[in-house]
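Okay, so here's the structure we're looking at.
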Amino acid sequence: MRTILSAPAWPYANGPRHIGHVSGFGLPCDMFSRYQRMAGNRVLMVSGTDEHGTPIQVQADAEDVTARELADRYNRVIVEDLAGLGMTYDLFTRTTTRNHYAVTQEMFTGLLRNGYIFPKITLGAISPSTGRTLPDRYIEGTCPICGYPSARGDQCDNCGNQLDPADLINPRSKINGETPVFIETEHYFLDLPAFAEVLGSWLKSKAGQWRPNVLNFSLNLLDDLQPRAITRDLDWGVPVPLDRWRDRQDKRIYVWARTTSSSTPRSGRPCCSVTAGSAPAAARPARSAR
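Just so you know, we're using this note's numbering here: the sequence shown kicks off at 21 and counts up by one.
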């Protein structure tokens with residue numbers, strides 16, 4: 021008997037997920053989990069709603085509600101829909117739980133302590149009409165690398181390169197079309213190049229197991245690794261657990277979806293145990309993620 025963690029993608033709680041979404045983020049993993057249980061293995065299938073990030077804020081603004089109100093509403097909608105489809109989650113939680121915040125902050129401080137996160141002054145975008153910070157994805161413009169006219173402030177979907185809003189040619193706010201003002205702001209960056217060597221060794225160990233084009237594509241990505249900001253000028257997200265930062269309302273760790281559990285799945289045939297709220301009582305095989 022093997023013990024298997026089955027981890028479907030976390031759907032954004034910025035609206036209901038239709039059947040096409042579920043067939044992408046949930047169904048393949050659910051089929052895999054059902055097969056492994058039938059084969060006699062112990063499976064823990066864990067996921068939840070991703071309730072941070074720009075998509076949540078954009079939709080909350082559009083509906084004139086807070087990010088929390090929007091996430092609460094669509095978490096319930098998604099949970100009910102997945103339960104109605106008979107999905108076999110053992111734990112379906114949320115990124116707004118106390119457990120998620122604690123684990124994220126622990127990972128952040130551990131990486132910082134070991135030298136893999138560092139502070140850096142960069143340029144942040146401000147709306148001149150409201151004075152509010154504009155997150156990366158609220159800004160679009162022309163990509164300075166390939167010339168694509170609708171590149172986002174965090175990356176270009178045409179050429180795939182990572183960008184900063186200040187890199188864009190003719191940047192504009194997606195909210196009202198105005199040109200943002202850029203000011204200096206401090207953020208913490210994850211030193212991705214520091215992991216290139218060990219990641220490259222791991223990728224090369226997959227030779228003969230992965231398709232050559234997939235392996236070569238992955239290895240080529242290592243040449244372009246750049247440090248990546250993992251904090252943002254936002255008021256919705258996981259607080260930064262550092263002096264001078266933890267009480268600030270305008271600095272947050274960005275997105276991070278992570279679930280941990282020290283318990284084991286129940287024996288016997290599973291039922292669907294997706295559940296809403298910060299303490300999923302129906303999710304017996306894993307501790308409540310609060």
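By construction, the Cβ of each residue, glycine as well, lies at the ideal position given by its N, Cα and C atoms.
Per DSSP, His207 lies in no alpha helix (DSSP H) segment; the continuous beta strand (DSSP E) that holds it begins and ends at 201-210.
Of the other Cβ atoms in all chains shown, fewer than 16 fall within 10 Å of the Cβ of Gln246; this residue is therefore exposed. For the 8 Å CB-CB criterion, Thr115 and Gly68 form a contact. When the beta-carbon positions are compared, Thr129 and Pro261 come within less than 8 Å of each other. Around Glu89, the same chain offers Ala80 as residues with beta carbons nearer than 8 Å, after the five sequence neighbours per side are excluded. Closest in alpha carbon position to His72, among Arg266, Pro139, Trp256, Pro191, is Trp256. Boundaries cannot be given for Leu254, as no beta strand (DSSP E) includes it and DSSP labels it neither H nor E. In the three-state DSSP reduction, Gln77 falls in the helix class (H, G or I). For Asn181, the closest alpha carbon among the candidates Arg264, Asp50, Ala227, Pro164 is that of Pro164. When DSSP states are grouped into helix, strand and coil, Ile165 belongs to the coil group. DSSP places Arg22 in the coil class of the three-state scheme, outside both helix and strand. The beta carbon of Lys271 is closer than 7 Å to those of Thr251, Asp253, Val260, Trp265 in its chain, skipping five residues each way along the sequence. In this structure, the beta-carbon distance from Asp184 to Thr153 does not fall below 8 Å. Pro155 sits in coil when the DSSP states are folded into three classes, being neither helix nor strand.
Within the stretch 95-153, the runs of beta strand (DSSP E) that reach at least 3 residues and sit entirely inside it are, in chain order, 111-114, 137-146. If you ignore the 5 residues before and after Pro139, its C-beta comes within less than 8 Å of the C-beta of Glu206, His207, Tyr208, Phe209, all in its own chain and listed in chain order.
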